[in-house]
Amino acid sequence: MLLFKKNAHFNLPFLILIFFTILSNNSHAQADTLHLDYPGIQIKLPDSLDIKLNEWAKKITLNTQKYDVDVIAYYQESDFKKYAEERSSDMFLILNRKAREAISINVISTKRGKKFQRSRVDIIYKLKSNVSESKPQKTEKKK
239 MLLFKKNAHF
249 NLPFLILIFF
259 TILSNNSHAQ
269 ADTLHLDYPG
279 IQIKLPDSLD
289 IKLNEWAKKI
299 TLNTQKYDVD
309 VIAYYQESDF
319 KKYAEERSSD
329 MFLILNRKAR
339 EAISINVIST
349 KRGKKFQRSR
359 VDIIYKLKSN
369 VSESKPQKTE
379 KKK
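This is the structure in structure tokens:
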């Protein structure tokens with residue numbers, strides 16, 4: 239506390255600078271996760287989860303920023319991996335239909351999970367980094 243009391247007028251601009259630097263830095267943005275728990279081995283997205291997904295898609299499309307998205311479908315036993323694969327491919331189509339302009343899908347995969355995750359699909363989304371994704375420019379060959 240001595241740091242804040244002694245020469246307080248010198249510390250205030252420094253603290254403000256640190257605060258705004260932290261706020262403006264998107265490279266350390268945390269990822270959020272949308273959990274979708276399917277009933278049993280059902281592959282088709284139930285209406286209740288469709289409503290939840292619609293609300294999420296509306297929220298991120300109203301924001302003008304783009305998001306990187308990873309989709310992970312879980313299964314508990316290897317016999318149920320095919321259901322997880324079908325859920326993940328179905329989720330790819332649904333996400334492209336609902337939030338195409340706001341997302342960039344990086345990974346769609348299946349993963350062995352714990353018992354409580356056996357019928358879950360996680361949509362992990364994070365603000366896209368500020369690094370520009372410009373395509374390399376074509377260079378003309380001199381003749």
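The numbering used here applies: residue 239 is where the sequence shown begins, and numbers increase by one.
C-beta: ideal position from N, C-alpha, C; glycine also.
Since this is a predicted model, take the numbers as computed values, not measurements.
Straight-line gap, residue i to residue j (C-alpha atoms, nearest Å)
i	j	result
Ile-385	Ser-347	In the structure displayed, the chain extends from 239 to 381; residue 385 sits before or after that span and is not available.
Tyr-305	Glu-293	16 Å
Gln-375	Leu-283	Because Gln-375 sits at a pLDDT of 49, beneath the cut-off of 50, its placement in the model cannot be relied upon, and the point is left open.
Lys-290	Val-309	16 Å
Thr-271	Asp-285	20 Å
Arg-335	Gln-314	29 Å
Ile-279	Asn-301	34 Å
Lys-364	Val-345	13 Å
Leu-383	Tyr-276	Nothing in the structure corresponds to residue 383, since the chain is present only between 239 and 381.
Helix, strand or coil at residue i according to DSSP, with G and I counted as helix
i	result
Leu-331	helix
Lys-282	coil
Thr-302	coil
Of the listed residues the options, nearest to residue i (C-alpha basis)
i	options	result
Arg-350	Asp-270, Ser-316 and Asp-275	Ser-316
Ile-362	Lys-353, Asn-334, Ile-343 and Phe-354	Ile-343
Ile-281	Gln-268, Val-359, Thr-271 and Leu-365	Val-359
Ile-332	Gln-268, Asp-270, Ala-269 and Leu-274	Leu-274
Gln-268	Gln-314, Ile-289, Val-307 and Tyr-313	Val-307
Ala-295	Asp-288, Gly-278 and Ala-337	Ala-337
CB contact flag (residue i, residue j, <8 Å)
i	j	result
Lys-366	Gln-303	yes
Ala-311	Ala-322	yes
Arg-356	Phe-330	no
Per DSSP, cross-strand counterpart(s) of residue i
i	result
Asp-308	Val-345 and Ile-362
Asp-275	Arg-358
Tyr-313	Arg-350
Asp-270	Tyr-363
heavy atom of the ligand ADP below 7 Å from residue i C-beta
i	result
Arg-356	The ligand ADP is not part of this structure, which contains no ligands at all.
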